[in-house]
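In my numbering, the protein residues as written are 209 to 527.
Positions of the beta carbon are idealized from the N, C-alpha and C atoms, including for glycine.
Just so we're clear, the structure is a prediction, and the values are computed from it rather than from any experiment.
Following: one structure in structure tokens, then a few remarks.
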Ligand SMILES: [Zn+2]
Ligand SMILES: [Zn+2]
């Protein structure tokens, strides 16, 4: 089968490898569409060190079940990305996304940017929408995960830093599910800032953003340096959600964190609960998605290069 292979430092290839064989309790899935996310881009450029080489990326994936489950065969599914052991202390206490023995789809385990991938049966969820919608289940679940850790109140003033896909989804969740007031903070020259005028209360350029003014700051800039902007914008005792996984080190003004008594919350991908919620929101078109381009797997290099262009919300690859 054809598979996208990442080697780091912008080295990418489309290779021919055997179709994976699912072990007992696992399922073989034919990939229909895979989104390229910020983490994939960081793996591609090399800013985030690869956990295996080559890596077949793809954790925002939709496919159809081929074998391994009578119940699901032929059905369109999306996959949770954590494949835990189910027997360690984390797994037994419900924190299975932190299982130290887990494999993570498209991160340290070969993912969906191939004609086929395998996943444990319990990671798969049927999806009734289109593949073009389904690739947004994973990132939307990740957004829901963040906000579940400290749900915003309707009186909260929230700033979302960034104008990418995560920001696009976050603003809608904050407005539609939590009724919060949301300002989008864009950098000067952002080509996508204008797109947010219809869904956010305000779109403000960074230079004009009011300092120490927000109860919650959601950092979705895809830039490790944006944490300092979040620290500046948060009001005393405010909460910062940080979402970027660039793999790079940030220099942080910890004094300001102490003086303002800020809480910084990191959060990763969604659990089964957030996946189910994300599926409902997308199947029922509650959350609007932005997919700019679909590339054939043979053009994976072009797709990844294009995905680095900040003018796009989402680029995807069709195996
Ligand atoms: Zn991702
Ligand atoms: Zn475990």
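Residues bridged to residue 326 [DSSP beta-bridge criterion] = By 1-based counting over the chain shown, the position of residue 326 is 118. For residue 326, which the question treats as bridged, DSSP gives the partners 236.
Residues near residue 296 by beta carbon distance below 7 Å, same chain, minus five either side = Translated into the one-based positions of the chain shown, residue 296 becomes position 88. Result list for residue 296: 307, 308 and 309, in chain order.
Bridge partners of residue 411, per DSSP?
-> As a first step, residue 411 must be located in the chain shown, where it is residue number 203. 392, per the DSSP bridge assignment.
Between residue 355 and residue 383, what straight-line distance do the alpha-carbon atoms span, to the nearest angstrom?
-> Against the chain shown, residue 355 aligns to sequence position 147. Against the chain shown, residue 383 aligns to sequence position 175. Between residue 355 and residue 383, the C-alpha separation is close to 12 Å.
Ordered along the chain, which non-local residues of its own chain (more than five positions away) have a Cβ less than 8 Å from that of residue 391?
-> Position 183 of the chain shown, counting from 1, holds the residue named residue 391. Cβ neighbours of residue 391 beyond the five flanking positions: 365, 366, 367, 368, 408, 409, 410, 411, 412, 417 and 422.
Going by the beta-carbon positions, is the gap between residue 322 and residue 518 smaller than 8 Å?
-> Here the question's residue 322 lines up with position 114 in the chain shown. Here the question's residue 518 lines up with position 310 in the chain shown. No, the Cβ-Cβ distance between residue 322 and residue 518 is not below 8 Å.
Under the three-state DSSP convention, the category residue 313 falls into | Here residue 313 refers to the residue found at position 105 when the chain shown is read from its first residue. If DSSP states are grouped into helix, strand and coil, residue 313 belongs with the strands.
According to DSSP, residues forming a beta bridge with residue 498 = Start at 1 with the first residue of the chain shown, and residue 498 comes out as number 290. Answer is none; residue 498 lacks a bridge partner.
Distance between residue 506 and residue 325 (C-alpha atoms, nearest Å) | Taking the chain shown and counting its residues from 1, one reaches residue 325 at position 117. Taking the chain shown and counting its residues from 1, one reaches residue 506 at position 298. Spanning the two alpha carbons is a distance of roughly 17 Å.
Residue environment, residue 318, which counts as buried when at least 16 other CB atoms sit within 10 Å = The residue labelled residue 318 in the question sits at position 110 within the chain shown. With 16 or more other Cβ atoms within 10 Å, it is buried.
Excluding sequence positions up to five away, which residues of its chain have a Cβ less than 7 Å from the Cβ of residue 233?
-> Reading the chain shown from its first residue, position 25 is the one you call residue 233. Result list for residue 233: 328 and 329, in chain order.
Going by other Cβ atoms of all chains shown within 10 Å of its Cβ, with 16 needed for buried, is residue 257 buried or exposed?
-> Position 49 of the chain shown, counting from 1, holds the residue named residue 257. Here residue 257 is exposed. Its C-beta has fewer than 16 other C-beta atoms within 10 Å.
With 16 other CB atoms within 10 Å as the buried threshold, where does residue 492 fall?
-> Taking the first residue of the chain shown as position 1, residue 492 is located at position 284. By the neighbour-count rule (16 or more Cβ atoms within 10 Å), residue 492 is not buried but exposed.
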